[in-house]
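Going by our numbering, the first residue of the sequence shown is number 44, and it counts up by one from there.
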Amino acid sequence: MTTAPPCPAAADPYRPRFHFTAPRHWINDPNGVCHHGGRYHLFYQYNPHAARWGDIHWGHASSADLVRWRDEPVALAPSPGHDQGGCFSGCIAVVDGLPTAYYTGDSSAGQVQCVATSPDLAHWTKQPQRTIAERPPGVSPGEFRDPYVFRDAGHWYMVVGAALPHERGACLLYRSADGVDWHYRHPLFVATDPAQGSVWECPNFLQIGDRWLLTVSQWPNLGALWFVGRFDDERFVAETSGVHDVDGSAFAHLAMRAPDGRVLQWAWINEQRDQDEIDADGWAGAITVPRELSIDGRGRLNLRPAAEVALLRGEPLPLGPAAPGPGTRLRLSGRCLDIEARFALHDRRKVGLTLFESPDRRESTRIVYWPEARRLMIERARSSINQKTRRQDLYAVLDLDPGEPLRLRVLVDHGVIAVHANDRVNLTTRVYPALQSSTGVTAFSEGSADVELQAWPMGSALEGRGA
Ligand code: FRU
C-alpha cells in the first residue's frame, strides 16, 4: 500500500506537534501498544482513504524514547473473510516468543476475535483458523469486540467488550493454555447501572501492585470508567471506582507494562468540530501522550504524563507583566506548551488558567477549579469564534484534602488540551481558536490564593513530518 505524504503541520493551526496523529486522514483508538526490539510500538485504528471513520486498518508508529515517533508501514488491512469490514481494536501479547496481535474482525456476519503474528512487528501473517468464535448466548454479534490479553497464574486470559441483554455493558473473560485455543469462562464484570453504558468497549484488565485495574470505554454515553479491586478465582471484585476521562473527549484507552515495570496508557482524542472542517484539513483525531498509571493508598487511580514527555521541553518561558484585574494574574504566551501551575487556596473562590486568549478577549478557554462545587472544568463557550466547533463545558469532580494545594499540569498542543489535576483527575479535549492572536495564557485567582506558574515550549514528537 503506498503511503500518502503527511499533512503538513506548519500550515495548520490545529495539527498537534507532540500528540501523535496519523500522517494524514483518520485515526481513532490506540492498539497493540508494546515494547519490542528495543522500541515502543503504537498501532492505531486508521482509515488510509479519508479523514472520517471507515475501512479500518491498523496504522503503526514506533519510538525509542516514548515521545518521538517514527511512522511505520501499515500493519493490518481488511481482507476477504472475518475482517473484511475492518481490523478493529485489540492488543499485542508475546506468545512463545512470537508477537501476536489479537484484534476484532468486523464483517457483515458480525464481530469475531482474530489473530495475526509477526516476528518483527513489520510483516504480519493472519491466522484465520485461530479466530475465537465462541460468543456467549445473548451477546449481540455486532457488540463483541476489543480483546485485551494478559497472563496470570500460568494462564493466558482475554477480556472482550460486549453488550449483554437489557443493554448492559460487560466484559467477558476467556482463558487459554497456549494463547491459541480459548475457552469462555464468564463475564468478568458487568455494568451495574444504565448510566455506565449499554456497550463496553476497549476493556483493559491488569495488575498494578497488589490491586487489579479494569478500565472500560462506554458506548453510547462516551466516557471511560475505572474500577480497582481484587481478581480472585477468576472473578473481579471492585472495591473503588471512578470516572476515567469524562465526556469521551479521550476514549478507548489502552495500557501496557513498560520494561521498567511502569504501566503506560494511551487514549484517542476525538475531534470536536464539524465534518466539513475536518475534511477540508484532511486529518482527524490524535492520541494522548503516554500516561503513567498508579493506584494510591486510597485505591484511587492516579494518572500523570509519563516522565519522558518533559524531554520535549525547551527553556522555561519568561512570565510577562502581571495582567490587570482583581486577584493574582500571571501571564505568558504560546500554543504549544507544557504548563505547571500551583495554587495554595486561602478561600473558596475560583482559580485556574486562561488559555488561547486573544488580546480583545473575543476568544479564550478557561480551566477553572471551583472549590465550592468541588468542580474542575474546561469552559469552552468562548474557545472559538468559529461556530462549527463544540463549545459545551467539561466537568470532573475534584476533592482536595484540607490544606492540599491545587496542582495543575496542562499540556497545550495547537488545540489539544490535557489537564491533569493533582495526578488524579484529568480532562482532555479539543478547542479551535480561530484568531491568530489567541495565544495568551494567564494563571488567575479570583480570591486570595498563592499562585505559581511555569511553562515550557514543546518540541515536535513526529519524526520526518516537517513539523
Ligand atoms: C472504540 C471503537 C472500538 C472498535 C473501534 C473501531 O472507539 O468503537 O470498540 O474496535 O473503535 O474503529
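Even glycine gets a Cβ: it sits at the ideal position worked out from N, Cα and C.
As the structure is a prediction and not an experimental result, all values here were calculated from the model.
Does the ligand FRU have a heavy atom nearer than 7 Å to the CB of Phe294? Taking the Cβ of Phe294 as the reference point, at least one heavy atom of the ligand FRU falls within a distance shorter than 7 Å.
How close, in whole Å, do the beta carbons of Tyr57 and His457 come, if the pair is a contact with beta carbons under 8 Å? Yes, Tyr57 and His457 are in contact; Cβ-Cβ is about 6 Å, under 8 Å.
Rounded to whole angstroms, what is the Cα-Cα separation between Ala486 and Gly102? Each residue's Cα considered, the two are about 39 Å apart.
Out of Arg450, Gly153 and Pro445, state which residue places its alpha-carbon closest to the alpha-carbon of Val411. Closest option to Val411, Cα to Cα, is Arg450.
Can you tell me whether DSSP reads Asp381 as helix, strand or coil? Asp381 falls in the strand class under three-state DSSP.
Can you round the beta-carbon distance between Thr143 and Val158 to whole angstroms, since I take them to be within the 8 Å contact cut? That belief holds up - the Cβ atoms of Thr143 and Val158 are roughly 6 Å apart, short of 8 Å.
Nearest residue (CA-CA) to Glu358, options Ala152, Phe270 and Leu380: Selected option, being the one with the closest Cα: Leu380.
Enumerate in chain order the residues of its own chain whose CB-to-CB distance from Pro230 is below 6 Å, with the five nearest sequence positions on each side excluded. Closer than 6 Å at Cβ, skipping near neighbours: Ala213 and Leu215.
Run through the DSSP bridge pairs and tell me what Tyr191 is partnered with. Answer is Val202.
With a threshold of 7 Å (Cβ to nearest heavy atom), would Thr147 be considered close to the ligand FRU? Thr147 Cβ: within cutoff of the ligand FRU.
Would you kindly check if the distance between the Cβ of Trp225 and the Cβ of Met201 is under 8 Å? Yes, these two residues count as a Cβ contact at 8 Å.
Span of the alpha helix (DSSP H), counted from its first residue to its last, around Glu320: Judged by DSSP secondary structure, Glu320 falls within the alpha helix (DSSP H) whose first and last residues are Gln318 to Asp324.
Top-ranked residue by Cα proximity to Ile135, from Asn465, Glu186, Leu119 and Asn313: Looking from the CA of Ile135, the closest CA among Asn465, Glu186, Leu119 and Asn313 belongs to Leu119.
Under 8 Å between the Cβ atoms of Val352 and Pro59? No, they are not a contact pair.
Cβ of Ile330 versus every heavy atom of the ligand FRU: is any distance shorter than 7 Å? Answer for Ile330: no, Cβ out of range of the ligand FRU.
Leu375: which of Gly197, Gly80, Ser284 and Leu398 sits nearest, CA to CA? A check of alpha carbon separations from Leu375 across Gly197, Gly80, Ser284 and Leu398 identifies Leu398 as the nearest.
C-alpha distance - Asp493 paired with Glu415, whole-angstrom precision: Taking the straight line joining both Cα atoms gives about 18 Å.
Rounded straight-line distance, which links the Cα of Leu257 to that of Leu249: Approximately 7 Å, taken between the alpha carbons.
How about Cys134: is its Cβ closer than 7 Å to a heavy atom in the ligand FRU? Closer than 7 Å to some heavy atom of the ligand FRU: that does not describe the Cβ of Cys134.
Below 7 Å, is the gap between the Cβ of Asp189 and the nearest heavy atom of the ligand FRU? At least one heavy atom of the ligand FRU is nearer than 7 Å to the Cβ of Asp189, so yes.
Which residues DSSP lists as bridging Asn247, in chain order: According to DSSP, Asn247 bridges with Thr258.
Tell me which residues share the same chain as Ala301 and place their Cβ nearer than 7 Å to its Cβ, disregarding the 5 neighbours each side in the sequence. In chain order, His78 and Leu307 place their CB closer than 7 Å to the CB of Ala301, counting only its own chain and leaving out the 5 sequence neighbours on each side.
Beta carbon of Pro237, beta carbon of Glu210: below 8 Å? Pro237 is a Cβ neighbour of Glu210, given a cutoff of 8 Å.
Please report how far the alpha carbon of Trp326 lies from the alpha carbon of Asp303, in whole angstroms. Those two C-alpha atoms are separated by around 34 Å.
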